[in-house]
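S.K.:
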Amino acid sequence: MRRVGYLLLLVLLGGCQTTPEVPSTQTDVEAAEQWPDWITQLPVRADWVYGTGSAEWTDDPVQAAQMARDRARLDLQKSLRSSVSGSTTIFLSDSNGAVNKDIQQKLRSEVTAVELQNIQVLKTFTSDQQHQVFVLVGLDKSEEAQVTASRIEELDRALSTWLADYSKNTVKQLQYNSAYLRIVEQRRQLLETYRLVSGREWQSEQNDQSWKIMASTRELFSRIKIEIREYQDNVALGRQVAQALSEYGYGSLIASSHGNLMLSINSEQSLVQKQDIYYLFLEANFEVSASDNIVRAGAVSAKGVGGTEAIASNKAMNAMAQKLSAEILKYLLP
196 MRRVGYLLLL VLLGGCQTTP EVPSTQTDVE AAEQWPDWIT QLPVRADWVY GTGSAEWTDD
256 PVQAAQMARD RARLDLQKSL RSSVSGSTTI FLSDSNGAVN KDIQQKLRSE VTAVELQNIQ
316 VLKTFTSDQQ HQVFVLVGLD KSEEAQVTAS RIEELDRALS TWLADYSKNT VKQLQYNSAY
376 LRIVEQRRQL LETYRLVSGR EWQSEQNDQS WKIMASTREL FSRIKIEIRE YQDNVALGRQ
436 VAQALSEYGY GSLIASSHGN LMLSINSEQS LVQKQDIYYL FLEANFEVSA SDNIVRAGAV
496 SAKGVGGTEA IASNKAMNAM AQKLSAEILK YLLP
C-alpha cells in the first residue's frame with residue numbers, strides 16, 4: 196500500500212511540470228542552434244581583414260548562399276576602406292578643366308573595375324529555424340599587396356613603351372594615346388587597391404609617365420576643331436550637338452569654320468500624336484571627315500515624348516545630340 200502511494204505521488208508531481216518553452220527571440224534561437232561567434236564578432240588577426248554577409252532563403256538556398264557571399268565581400272571592402280584614411284593622388288589636375296574630368300569619366304566607364312583577387316570564403320553557417328545563410332570571408336592583405344604590386348609592375352612596363360610622336364597628325368596621336376589612357380586608368384585603380392591593402396603609396400618612375408600621357412592628350416585636344424554641318428533647313432540639331440559637346444567638357448572643340456574635323460548630319464523626323472501625347476522619331480545619317488576623307492560614318496536614331504510637339508522635338512534632339520557627340524569621342528579616343 197505504501198508503494199502504491201509513492202507511485203501516485205510521482206504521477207501527480209509529473210503532471211505539475213510545465214512544457215519546455217520554445218525559443219521566441221533571435222537570441223534564444225542563436226543559443227538553441229549554437230550560432231558561431233563570428234556572426235556578431237569578427238575574428239582578429241594581423242594583416243587580415245574580414246567581412247560577413249547573410250541572406251534569407253525559401254526555395255533556393257544555393258542562390259541565398261551566393262547572395263550572402265556577395266554581401267560579405269562588400270562588407271569586407273567597406274571595412275577595408277574605412278580602416279585606411281587619405282586618398283591616392285588623382286592623375287588628373289583639377290586646374291586643367293572639364294576636358295580632363297570628362298576623359299577620366301569616360302575611361303572609368305569603359306575600364307573594368309579592379310577587384311580584390313584573394314578574398315576567401317572562410318566559414319558558412321545555415322540557420323534552419325531562421326532560414327538564413329551566413330558567410331564569413333577574409334583577405335590576407337600582405338598577399339593581396341604582393342599580387343597587386345605584380346600587376347602594377349606589368350602595367351608600368353607597358354607604359355614605358357609610350358612615345359609622343361607629333362610627326363603624326365593630331366587625331367592619329369590621340370588615337371595612339373587612347374590605349375595608354377586605359378592603362379593609366381587601370382593602373383590608377385590598382386594604385387588605390389595597393390594603398391588600401393598595404394597602407395603605403397606606390398613609388399615608381401612611371402607615375403611621371405602617366406602625367407606625360409595625360410598632358411599630351413590635353414595638348415592634342417587643344418588642337419582639334421570640329422565644324423558641324425547640317426544638310427537640312429533645321430539647324431537646331433547642329434546647335435544641340437555643339438551644346439552636348441560643351442556639356443561633356445569639349446566646348447573648345449567647336450569651330451564655326453575651318454575645322455580640321457567636319458561632322459555632317461542629314462536627319463529626318465516623323466511625328467505621331469496619340470491623344471494628348473506627342474512622339475517624335477528622329478533618324479540621322481552622319482559622317483566625320485578629315486581633309487575631305489570620311490573617317491567615320493553611321494546612322495543613329497532617337498525618340499522624344501512630350502505633352503507638346505516642341506517638348507517631344509527637344510527631347511529627341513537632345514538624345515540624338517548625345518549619341519552624335521559620343522560618336523565623335525569614339526573616333527578621337529577609340
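Quick note: the sequence shown uses my numbering, first residue 196, plus one each step.
Heads up, the beta-carbon is just placed ideally off N, CA and C, and yes, glycines get one too.
Predicted model only: the values in this text are computed from it and were never measured.
Residue 508 and residue 475: beta carbons closer than 8 angstroms?
M.R.: yes
S.K.: Taking the C-alpha atoms as reference points, what is the distance between residue 328 and residue 320?
M.R.: 6 angstroms
S.K.: Which runs of the beta strand (DSSP E) fall wholly inside the segment 405–490 and span at least 3 residues, in chain order?
M.R.: 421–425, 456–469 and 472–485
S.K.: Please list, in chain order, all residues of the same chain as residue 467 whose beta carbon is under 6 angstroms from its beta carbon, the five residues on each side excluded.
M.R.: 474
S.K.: With DSSP run on the structure shown, which of helix, strand or coil describes residue 497?
M.R.: strand
S.K.: Out of curiosity, what's the CA-to-CA distance linking residue 437 and residue 381?
M.R.: 31 angstroms
S.K.: Cβ of residue 312 within 8 angstroms of Cβ of residue 332?
M.R.: no
S.K.: Could you name the residues of the same chain whose beta carbon sits closer than 7 angstroms to that of residue 520, not counting the 5 residues immediately before and after it, in chain order?
M.R.: 436, 439, 440 and 443
S.K.: For residue 513, name the three-state secondary structure that DSSP assigns.
M.R.: helix
S.K.: Would you kindly work out how many angstroms separate the C-alpha atoms of residue 256 and residue 310, rounded to a whole number?
M.R.: 26 angstroms
S.K.: Could you tell me the alpha carbon to alpha carbon distance between residue 491 and residue 482, rounded to whole angstroms?
M.R.: 6 angstroms
S.K.: Run the CB neighbour count on residue 324, radius 10 Å, all protein chains shown included, and call it buried at 16 or more, exposed below.
M.R.: exposed
S.K.: In its own chain, which residues sit with a C-beta less than 6 angstroms from the C-beta of residue 504, not counting the 5 before and 5 after it?
M.R.: 473
S.K.: Ignore the nearest five residues each way along the sequence and tell me which others in residue 350's own chain have a CB closer than 6 angstroms to its CB.
M.R.: 378 and 382
S.K.: Could you check how far apart the C-beta atoms of residue 386 and residue 347 are, in whole angstroms? I think they sit under 8 angstroms.
M.R.: 7 angstroms
S.K.: For a test of the three-state rule: what should DSSP assign to residue 284, helix, strand or coil?
M.R.: Caution is warranted here: a pLDDT of 34 is assigned to residue 284, below 50, making its placement in the model unreliable, and the coordinate value is therefore given only provisionally. For residue 284, the three-state secondary structure derived from DSSP is coil.
S.K.: Kindly indicate which three-state DSSP category residue 239 falls into: helix, strand or coil?
M.R.: coil
S.K.: Is it buried or exposed, residue 169, if we count other Cβ atoms within 10 angstroms and call 16 or more buried?
M.R.: A query on residue 169 cannot be resolved here, the shown segment of the chain reaching from 196 to 529 and no further.
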